[in-house]
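Each remark here refers to the structure printed beneath this line.
Number of protein chains: 2
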Amino acid sequence: MIILNKGITAPKGFKAAGIACGIKAKKKDLSLIVSDVPCHTAAAFTTNKVKAAPVQYNEALYEKEQKIRCILTNSGNANACTGEQGKTDAYAMAQKTAESLGLSAEEIMINSTGVIGVPLPMEKVLLGINEITKQIGDDEISAANAAEGIMTTDTFAKTVCVEVIIDTKPVRIAAIAKGSGMIHPNMATMLSFITTDVNIDAALFRSLMSETVKDSYNMLSVDGDTSTNDTVIALANGLAGNEMLQLESAEFPIFEKAFQFVNQHVAKLIAKDGEGATKFLNVKVYEAKTKEDARALALSVIKSSLVKTAFFGEDANWGRVLCAMGYAGADFDPDKVVLTFESEKGSITLYEKGVPIAFDEAKALEILKEKEIVIHIRLGEGPYSAESFGCDLSYEYVKINGEYRS
Amino acid sequence: MIILNKGITAPKGFKAAGIACGIKAKKKDLSLIVSDVPCHTAAAFTTNKVKAAPVQYNEALYEKEQKIRCILTNSGNANACTGEQGKTDAYAMAQKTAESLGLSAEEIMINSTGVIGVPLPMEKVLLGINEITKQIGDDEISAANAAEGIMTTDTFAKTVCVEVIIDTKPVRIAAIAKGSGMIHPNMATMLSFITTDVNIDAALFRSLMSETVKDSYNMLSVDGDTSTNDTVIALANGLAGNEMLQLESAEFPIFEKAFQFVNQHVAKLIAKDGEGATKFLNVKVYEAKTKEDARALALSVIKSSLVKTAFFGEDANWGRVLCAMGYAGADFDPDKVVLTFESEKGSITLYEKGVPIAFDEAKALEILKEKEIVIHIRLGEGPYSAESFGCDLSYEYVKINGEYRS
Chain A
55 MIILNKGITA PKGFKAAGIA CGIKAKKKDL SLIVSDVPCH TAAAFTTNKV KAAPVQYNEA
115 LYEKEQKIRC ILTNSGNANA CTGEQGKTDA YAMAQKTAES LGLSAEEIMI NSTGVIGVPL
175 PMEKVLLGIN EITKQIGDDE ISAANAAEGI MTTDTFAKTV CVEVIIDTKP VRIAAIAKGS
235 GMIHPNMATM LSFITTDVNI DAALFRSLMS ETVKDSYNML SVDGDTSTND TVIALANGLA
295 GNEMLQLESA EFPIFEKAFQ FVNQHVAKLI AKDGEGATKF LNVKVYEAKT KEDARALALS
355 VIKSSLVKTA FFGEDANWGR VLCAMGYAGA DFDPDKVVLT FESEKGSITL YEKGVPIAFD
415 EAKALEILKE KEIVIHIRLG EGPYSAESFG CDLSYEYVKI NGEYRS
Chain B
55 MIILNKGITA PKGFKAAGIA CGIKAKKKDL SLIVSDVPCH TAAAFTTNKV KAAPVQYNEA
115 LYEKEQKIRC ILTNSGNANA CTGEQGKTDA YAMAQKTAES LGLSAEEIMI NSTGVIGVPL
175 PMEKVLLGIN EITKQIGDDE ISAANAAEGI MTTDTFAKTV CVEVIIDTKP VRIAAIAKGS
235 GMIHPNMATM LSFITTDVNI DAALFRSLMS ETVKDSYNML SVDGDTSTND TVIALANGLA
295 GNEMLQLESA EFPIFEKAFQ FVNQHVAKLI AKDGEGATKF LNVKVYEAKT KEDARALALS
355 VIKSSLVKTA FFGEDANWGR VLCAMGYAGA DFDPDKVVLT FESEKGSITL YEKGVPIAFD
415 EAKALEILKE KEIVIHIRLG EGPYSAESFG CDLSYEYVKI NGEYRS
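As you go down the protein sequences, you meet chains A and B in turn.
Take any residue in the first sequence, note its place counting from 1, add 54, and you have its number in my numbering.
Take any residue in the second sequence, note its place counting from 1, add 54, and you have its number in my numbering.
Following this line, the structure appears as structure tokens:
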């Protein structure tokens, strides 16, 4: 697998665009991804009971196993908690995009992210769709514009592209994403869109996505709140020309690994851009009895406000890590745990098999002053591992989320 | 039921004391409650897998249905993650208390709260036990000293006492408690000790406790972290002289209600004293399909960092409340929800049956500026209610928890 410095249009047959249609004061707020041909689609939607109108629209298409050509997204307004009007507006966006591109509304997925409870400014949106559908291109600038058009409070655009060889054919996977921090003036969302030109069995693509989210987006926590709009959509258009990948294909694991890399990479980028975050935290759990135990422990630690504030304070507070493990609902024996903190400056073991280890405070501080910290947790119980991605909890988080309206 | 301005020694046959034995620099750090006669005991212990040594000691006694005479607690050191030494020390504390009072170690429950991973200064503790056992009294000052002796970063002592009449006999229930905020320099704990002179069936007392914690301590969230030491212990010595309460006793509901009141009151006091909290939040869920749904929704909202920061910012952010309900795992229809915020300054409905309601921002701010806010959530699904207790998330929380060691 090689990483390419390219965007969402790098896989064959994908075009994109991003423009400002006036939902936001100045910035880009509309983003479009279009495939030349219909795509197998693999997606995951928020498990929140309160689902935004566009999520409901997409889910209905997804259940019908509709082939998708196009992903249209607006930022600046989440079209959530907007009642019947919201549903009408989401459908109107799909309808307008379809018309402008000579497609059917059933081939379009729609996403919205931004403020909730406010109706979309539909006049601007529809004019915007008219405009953006004329601007699609397969060049890098179009791809970058599409990445920008989905941003809300993100401080950088999130994109990644990889290439693997399958059947001697180059197969590419690219993604754009936006942050999961819950954002002013209300909450926002995590969005991730993946394009690939792989030729893959439709059901296999879907089950690969279901597995992949468990170790990427679902292991990501900025503040523990699942939004009304969280969505991951992957489109596979088959234009790479490889023989169709099946579960038993010798080269399926190559694609599987690359697909997992792309999604995990994007999840890490989102964690790094967590609201008000000063540090990226990566919890690695090893030697768990089950995969579920490993995931539950990694997630419990990354979500703990006490762990997050300790790292913000650069405090080697292993007790809080152990405590968060304790309420994860996973099976382990505290008396077997080995806890190590690591950064570019080295590593330090703080707790080993039931007993705290006397450690050099100066050395610990040197390690914890770094921007990226790995928390290694060895359980001594079994063969399973998992990792989670998150960030610290800072004054800035409270400020961003507490003070917007005052 | 009447509320008495008295402490933990108000029920017949209970004595108490609180002293400084030197674990902390200056403040009281040892607390003792003693009953003249053996007590039926009803308790709840942390569900955290990582349990402090004294919790393990108490649980073993509790499983044996041992009658208890005495609760000894030290603050300033949690005796958690202290390995074999911790277990030896917890037993030594029980042993010393028993010796000093002429009891058996099996009649003593032991609690510790404070810094974790540091061995107890046993010399000071044992001298302290020698001293405190000489100082027990049934006066109000002794009761107040005991309440003070369990405090860590609590800003006020938490105590409550009520009296009900059963069989024409006055029956009293009193409690002392300490905060659940996770506290410097590591985490601390929620402790609550209840004394009552009621005569009650031992099994009924235990099952009443199991039910009561679900609507009191388990509906309380300061930062969502369950500590290694959380403990509730209630002692009933029977000296009120009422006929033994059974489940079918006509007057059992009187005691039940008073017992629930005491525990819920103490849970509210803990929430009010949440670390860095500027506001007390009370979430009330009505019209749920099941009791479990009502509890899950109330708890999900009170735990959300986004909801907590919004209230810190005095922002009428109903969207975050709805979002936190959405991921509670409870069954409800967002299109039936009615959301109202209330304080002493009045109330304001912000969302009704799928649609946001235009509201007066100035009025909302006036309401949210108060120190105690109630969030009313009507579901329109069924007959069940629940409420949760918590506080906002402030800069001060991040400061207390992030900066202690730096």
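C-beta atoms are modelled at their ideal positions from N, C-alpha and C, and glycine is treated no differently.
Computed from a predicted model, the values in this text were never measured in an experiment.
Cross-chain neighbours of residue i in chain A, by beta carbon under 7 Å
{"i": "Met176 of chain B", "result": "Going along chain A, no residue has its Cβ under 7 Å from Met176 of chain B, so there is no contact; the nearest lies around 17 Å."}
{"i": "Pro510 of chain B", "result": "As shown, chain B starts at 55 and ends at 460. That puts residue 510 of chain B outside it, with no answer to give."}
Contacts that residue i makes with chain B (C-beta to C-beta distance below 8 Å)
{"i": "Met379 of chain A", "result": "Lys103 and Val104"}
Under the three-state DSSP convention, the category residue i falls into
{"i": "Met298 of chain A", "result": "coil"}
{"i": "Asn102 of chain B", "result": "coil"}
{"i": "Pro175 of chain B", "result": "coil"}
{"i": "Ala384 of chain A", "result": "coil"}
{"i": "Ile77 of chain A", "result": "coil"}
{"i": "Ser303 of chain A", "result": "coil"}
{"i": "Lys390 of chain A", "result": "helix"}
{"i": "Glu396 of chain A", "result": "strand"}
{"i": "Gly434 of chain B", "result": "coil"}
{"i": "Met163 of chain A", "result": "strand"}
{"i": "Lys453 of chain B", "result": "helix"}
{"i": "Gly61 of chain B", "result": "coil"}
{"i": "Ala364 of chain A", "result": "helix"}
{"i": "Ile186 of chain A", "result": "helix"}
{"i": "Ala96 of chain A", "result": "strand"}
{"i": "Gly72 of chain A", "result": "strand"}
{"i": "Gly67 of chain A", "result": "coil"}
{"i": "Ile56 of chain A", "result": "strand"}
{"i": "Val428 of chain A", "result": "strand"}
{"i": "Val276 of chain B", "result": "coil"}
{"i": "Leu293 of chain B", "result": "coil"}
{"i": "Ile237 of chain B", "result": "Confidence at Ile237 of chain B is low in this model, with a pLDDT of 37, below 50, so its placement is unreliable and the value that follows should be read with caution. Three-state DSSP puts Ile237 of chain B in coil, outside helix and strand."}
Proximal residues of chain B, C-beta to C-beta of residue i below 7 Å
{"i": "Ile170 of chain A", "result": "Gly373"}
{"i": "Leu376 of chain A", "result": "Val104 and Cys135"}
{"i": "Gly408 of chain A", "result": "Gly137"}
Chain B residues whose Cβ lies nearer than 9 Å to that of residue i
{"i": "Cys445 of chain A", "result": "Correct list: empty, because the minimum Cβ distance to chain B is about 12 Å."}
Residue interval of the beta strand (DSSP E) (run including residue i)
{"i": "Cys124 of chain B", "result": "Ile122 to Asn131"}
{"i": "Ala146 of chain A", "result": "Careful: Ala146 of chain A lies outside any beta strand (DSSP E), inside the alpha helix (DSSP H) at Gly137 to Leu155."}
{"i": "Ala440 of chain B", "result": "Tyr438 to Cys445"}
{"i": "Ser401 of chain A", "result": "Gly400 to Glu406"}
{"i": "Ala26 of chain A", "result": "Nothing about residue 26 of chain A can be read from this structure; chain A reaches only from 55 to 460."}
{"i": "Val109 of chain B", "result": "Here Val109 of chain B belongs to no beta strand (DSSP E); instead the alpha helix (DSSP H) covers Ala107 to Glu117."}
{"i": "Leu289 of chain A", "result": "Thr285 to Ala290"}
{"i": "Thr213 of chain B", "result": "Lys212 to Ile220"}
{"i": "Ile170 of chain A", "result": "Looking at the DSSP string, Ile170 of chain A is not in any beta strand (DSSP E), and its letter there is neither H nor E."}
{"i": "Ile248 of chain B", "result": "Leu245 to Thr250"}
Residue i beta carbon near the ligand SAH (any heavy atom closer than 7 Å)
{"i": "Ala290 of chain B", "result": "Of ligands this structure carries none, so the ligand SAH is not represented either."}
For residue i, the first and last residue of its enclosing alpha helix (DSSP H)
{"i": "Ser261 of chain B", "result": "Ala256 to Asp269"}
{"i": "Glu420 of chain B", "result": "Glu415 to Leu422"}
{"i": "Ser196 of chain A", "result": "Glu194 to Gly203"}
Cross-chain neighbours of residue i in chain A, by beta carbon under 9 Å
{"i": "Tyr405 of chain B", "result": "Cys135 and Gly171"}
Cutoff 8 Å: residue i Cβ touching any chain C Cβ
{"i": "Asn59 of chain B", "result": "In the displayed structure, chain C is absent; the protein chains listed are A and B."}
| said: What ranges does the alpha helix (DSSP H) occupy inside the segment 305-360 of chain B, keeping only unbroken runs of at least 4 residues that lie completely in it? | reply: 306-326 and 345-357
| message | Against chain B, which members of the segment 341-367 of chain A pass a CB distance test of less than 9 Å? | response | Within the segment 341-367 of chain A, contact with chain B at the beta-carbon level (separation under 9 Å) is assigned to Lys357, Ser358, Ser359, Leu360, Val361, Lys362, Thr363, Ala364, Phe365, Phe366 and Gly367.
| Contacting positions in the segment 380-394 of chain A - beta carbon closer than 9 Å to chain B | Gly380, Tyr381, Ala382, Gly383, Ala384, Asp385, Phe386, Asp387, Pro388, Asp389 and Val391
| Taking a cut of 7 Å between CB atoms, which residues from the segment 419-453 of chain A lie near chain B? | Leu447, Ser448, Tyr449 and Val452
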